[in-house]
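Read top to bottom, the protein sequences are chains A and B.
Counting in our numbering, the first sequence runs from 1 upward without gaps.
Counting in our numbering, the second sequence runs from 1001 upward without gaps.
Note that beta-carbon positions come from the ideal geometry of N, C-alpha and C, so glycine has one too.
Quick notes on the structure that follows.
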Amino acid sequence: MRPFEYSRANDVPGAVKLLGADPKARFIGGGTNLIDLMKYQVEQPARLVDISRIPLNKIEELPNGGVRIGALARNADMANDPLVRQRFPVLSEALLAGASPQLRNLATAGGNLMQRTRCYYFYDPGFSQCNKRTPGSGCAALDGINRIHAILGASSDCIATNPSDMSVALAALAAVVRVEGPKGAREIPFDNFHRLPGTTPHIDTNLQHGELITSIDLPAVPGSGQNFSYIKVRDRNSYAFALVSAAVVLEVDGNQIKSARVALGGVAHKPWRTAEAEAALAGKPLNERTYSEAAAIALNGAKPFEHNRFKVELAKRTIVRACATAAARGKQA
Amino acid sequence: MESKEVTRRDFVGTAALTGAAALLPAEAEAQKQSTASSHAAPHTTEVTLRINGKEQRLSIEPRVTLLDALRERLQLTGTKKGCDHGQCGACTVVINGRRVNSCLTLAIMHDGEEIGTVEGLAQGENLHPMQTAFIKNDGLQCGYCTPGQICSAVALVEELRKDTVSFVTPDVRKHGPIQITDDEIRERMSGNICRCGAYPNIVAAVRSVYEGSRA
């Protein structure tokens, strides 16, 4: 790790000021991804602003049934929180599916949103061709080993995927990311938080330098949110990233779906929601044919690469499995 | 002390320096220099860590990980460096009751906090119940992952007593005591890997302590 300056911020304005003063400064909350990247010299901040002691870790109710999660809430605490487990169980499941107990104890909500891709070519500076690390240098994954890479929304500049389980659930829940920066506070709808690679893969999110994530708001979902599932398909039973994952929340009325949320992980540069697939579920009966038709629509236009062709069919089946699991849940708690 | 028992660590450390000086003068000189300068590194800060109940003051650079502070600065070598990237769990310690990977956090970030390492488990000659259980159930072979396994398991039992859920728990919406299946133990220990494959015995050790604590 290269040497760096270290400051500790005690409050949000102080944190914003410290970061704004230095274009090469980064916030550190849990550090479980940033320190890893610094050891590999993928990230080389000149200054770390430690925000871990700022009191932003509360999880509280919002009027209208939603929940506000402080950006410094640890992943383990979010997953075990009674409000989250009761009202947004898909988020609890997604969090528990990720990483390991030790990592979940340190990793923060805001940090989880900011984690970088695990593309092998990005993570190892020994590979010179990576447009995300070095704009204009090329993409080694395009004709390299691209088993864990994207099948949707990619570009010829970058085919990396977003690795976060939490973000897949937040996408399905239409969360809102609240931030504060030098120009004041703003709210970023979840779909606008992470970017597609396009011609600028070196920019992962729409957060501006100097902005600090202060909380994540979960608005109440239509229905009870109790017909949910998070299905994660991976090479190991635990402690592995998703090849493909799906978060599903169904609003169920008798034997019919009233409305649906479906988000896919492991397939794109950001969690992938398809309005057409969700619309294809609405008003339909709870059966496998319904789910399969929606899954086919969700994967419309998928463009796999040499080593990840399996992801197209796998993603469809994962959606079907997630819908069936969500349907079977019922209101029992 | 007048007579000092020479430990293997002392012997190998001395032999390495002496041997290097005899065969490769230039390299040995450089090594000696770097050892000397590491104690006068620039931009060091005072950090106070409370380790196994004892206050330890260090003067270190911000980039020193908690793992390196424990092993290199405090000679608390029970905690192991397996991968140094948060992927094996051999570096697991307990901070304010939570198990964490000490390789992926900076010592300076934990200024003033309570840190428990494997060295703090036994009370004199009395082993911690988890240590006893690992021995009784033969939960180790080479022993390298073992301090991390034991620290992780001790924290796991506390998490279970607080009824925390895991990915394997059937319904996260339900509260109350968790049903401890082998799958639950494996999932909750999945952050600690063992190349020797002592897993079935580790699961048995954890189960025995949990059931003993609930009796």
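query, result
"Name, going along the chain, the residues of the segment 59-80 of chain A whose beta-carbon falls closer than 9 Å to a beta-carbon of chain B.", "74, 76, 79 and 80"
"Residues of the segment 4-34 of chain A in Cβ contact with chain B at a cutoff of 8 Å, in chain order, please.", "4, 5, 6, 28, 30, 31 and 32"
"Check the Cβ-Cβ distances between residue 1154(B) and every residue of chain A, and say whether any is below 9 Å.", "no"
"Is residue 942(B) buried or exposed, if buried means 16 or more other CB atoms sit within 10 Å of its CB?", "No statement about residue 942(B) is possible, as the shown extent of chain B runs from 1001 to 1215 and does not include it."
"Please name the residue, chosen from 147(A), 170(A), 237(A) and 168(A), that lies closest to residue 159(A) on a Cα-to-Cα basis.", "147(A)"
"For residue 1081(B) versus residue 1103(B), is the C-beta spacing smaller than 9 Å?", "yes"
"Straight-line CA distance for residue 279(A) to residue 257(A)?", "10 Å"
"Should residue 1130(B) and residue 1154(B) be called a contact, given that it needs their Cβ atoms to be closer than 9 Å?", "yes"
"Give me, in chain order, the residues of the same chain whose beta-carbon lies closer than 8 Å to that of residue 329(A); leave out the 5 immediate sequence neighbours on both sides.", "226, 227, 228 and 229"
"What is the DSSP secondary structure of residue 1162(B), counted as helix, strand or coil?", "coil"
"Is DSSP giving residue 1041(B) helix, strand or coil here?", "Any reading at residue 1041(B) is ruled out, since the residue's pLDDT is 45, under 50, leaving its predicted position unreliable."
"Relative to the C-alpha of residue 234(A), which candidate in 274(A), 311(A) and 221(A) has its C-alpha closest?", "311(A)"
"For the ligand SAM, is there any heavy atom lying closer than 8 Å to the beta carbon of residue 10(A)?", "Among the components modelled here there is no ligand, and therefore nothing to report on the ligand SAM."
"Against chain A, with Cβ distances strictly below 9 Å, would residue 1109(B) count as a contact?", "yes"
"If you measure from the beta carbon of residue 105(A) to each beta carbon in chain B, is any gap under 9 Å?", "yes"
"Between residue 1180(B) and the rest of its own chain, which residues show a CB-CB distance below 8 Å, the 5 nearest in sequence each way excluded?", "1160, 1207, 1210 and 1211"
"Which chain B residues sit within Cβ distance under 8 Å of residue 211(A)?", "Here the premise fails: no neighbours, minimum Cβ distance about 22 Å."
"I'd like to know if the segment 149-159 of chain A and the segment 294-308 of chain A are in contact, where contact means that at least 3 CB-CB pairs between them fall below 8 Å.", "yes"
"With DSSP collapsed to three states, give me the class of residue 1155(B).", "helix"
"Is there a C-beta anywhere in chain A that falls below 9 Å from the one on residue 1203(B)?", "no"
"Which of helix, strand or coil does DSSP assign to residue 251(A)?", "strand"
"According to DSSP, simplified to helix, strand and coil, what is residue 158(A)?", "strand"
"Report the rounded CA-to-CA distance for residue 84(A) versus residue 252(A), giving the unit in angstroms.", "20 Å"
"Once the 5 residues before and after residue 107(A) are set aside, which same chain residues still bring their CB inside 6 Å of it?", "30, 32 and 75"
"On a Cα-Cα basis, can you pick out the residue from 1071(B), 1043(B) and 1067(B) that is closest to residue 1009(B)?", "1071(B)"
"What would DSSP say about residue 306(A), mapped onto helix, strand or coil?", "coil"
"Quick one: list the residues of chain A neighbouring residue 1166(B), beta-carbon separation under 7 Å, in chain order.", "96"
"Residues in its own chain within less than 7 Å of residue 163(A) by CB, not counting five upstream and five downstream?", "115, 117, 118 and 241"
"Where does residue 1213(B) fall in DSSP's three states?", "helix"
"Helix, strand or coil, according to DSSP, for residue 205(A) in the structure here?", "strand"
"Can you give me the C-alpha to C-alpha distance between residue 285(A) and residue 294(A), rounded to a whole angstrom?", "12 Å"
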